[in-house]
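Student: Encoded as structure tokens, here's the structure I'll be asking about.
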Amino acid sequence: MILVTGATGHLGNAVVQHLLKTIPASQIAILARQKEKAIAFETLGVTVKLGDFDDTNALQAALSGIEQVVLISGTDPVHRLQQHKNVVDAAVAASVKRIIYTSIAMESLATSHNQFLMESHFKTEAYIEQSGLTYSFFKNNLYTDTIPLFAGDNPFAHGITLPTGSGKVAFAWRNDIAEAIAHHLLQPINSNQVFQITGNVAYNFEEIATMLSTLSGKQVTFTHVDATTYENMLQQVGVPTPLIPVLLGFTADISNHQHQAVATDLEKLLGRKPTEMAAALKTMYHL
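Under my numbering, the first residue of the sequence shown carries the number 1, and numbering increases by one thereafter.
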């Protein structure tokens, strides 16, 4: 039995959908906070276990009889380390055979401008390593799916304005990552493994603008600005205040080449080339 956390979110849901293509629904369970959000999974025959990362009793009950756990990293930057520890502790108590954790691919936490957000990934990895559980870490680069968050929903009208300079990112398509996790779950459990999950090519936003121009037939410009100008822009367009420092941190890290490294692990796990940037842009921008 495989249990997937975060299954009502994008990545967790995609993992479940890929698993359903190869194994019976009776071998899949999800952890959900609210039953109403998990009705679609029950309809498919997936077992729904109610609970959340903060409820240790519910976690212990949910993981009873589970062989593998996919721990999709939590979204609460303040509390998620302890939440992750709760899942790991429950997995140890349930004698889970393998835990898969979705972490982050980056050059250096020490030089990151998003240390507060990112350090919980590294601390979770360390806690899992110390737990004695067999583990697999999927160190995921930034999702290709997040490009509109940086470039905007309509770069054809406004261009792309960012403080990222020539910094590149080896973006990875979220559905590819989900498929890779599903493939890995069906492999023998025989060792600890760490995967660097990236696309096969790193792009900067000027190159993405050029690609969007080619795909759309409309001129998409890229303009580099300083961080203060970018912060003012975010405030003017009404970006929620808590999200602004996160975007500033990511753009600073991109400018400093934190997410530029390319690895071939994703291609090996998929058994094919990852989704190309042009295809992803067509999908995201309906081209």
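Each residue gets a CB set at the ideal place from its N, CA and C atoms; glycine is no exception.
Just list the residues that DSSP pairs K49 with in beta bridges.
Tutor: Bridge partners of K49: L31.
Student: How is the beta strand (DSSP E) around F137 delimited, first residue to last?
Tutor: Counting along the chain, the beta strand (DSSP E) containing F137 begins and ends at 135-140.
Student: Can you tell me the Cβ-Cβ gap for F250 and F222, rounded? I've got them flagged as a contact below 8 Å.
Tutor: 17 Å between Cβ atoms; not a contact.
Student: What residue does the alpha helix (DSSP H) around H224 start on, and which one ends it?
Tutor: Not the alpha helix (DSSP H): H224 falls in the beta strand (DSSP E), residues 222-224.
Student: Using only the alpha-carbon positions, how far apart do H121 and S108 sit?
Tutor: Going from the Cα of H121 to the Cα of S108 covers about 12 Å.
Student: Would you mind working out which of H259, S64, E36, A32 sits nearest F53, comparing C-alpha positions?
Tutor: Nearest C-alpha to F53: A32.
Student: Between the segment 177-194 and the segment 67-83, are three or more C-beta pairs nearer than 8 Å?
Tutor: Enough Cβ pairs lie closer than 8 Å, so yes.
Student: Since L270 contacts A180 with CB under 8 Å, what's their CB separation in whole angstroms?
Tutor: The Cβ separation is near 5 Å, so the contact holds.
Student: For a test of the three-state rule: what should DSSP assign to N13, helix, strand or coil?
Tutor: Three-state result, N13: helix.
Student: Which complete alpha helix (DSSP H) runs does the segment 163-242 hold, if anything under 4 residues is left out?
Tutor: Runs found: 174-185, 205-216, 227-236.
Student: In the structure shown, what three-state DSSP assignment does V4 receive?
Tutor: Here V4 sits in strand by DSSP.
Student: Helix, strand or coil for T102? Go by DSSP, reduced to three states.
Tutor: Looking at T102 - three-state DSSP - the assignment turns out to be strand.
Student: Whose C-alpha, out of V194, I160, I147, is nearest the C-alpha of R174?
Tutor: Nearest C-alpha to R174: I147.
Student: For the alpha helix (DSSP H) holding Q68, just list the boundary residues, first then last.
Tutor: Not the alpha helix (DSSP H): Q68 falls in the beta strand (DSSP E), residues 68-71.
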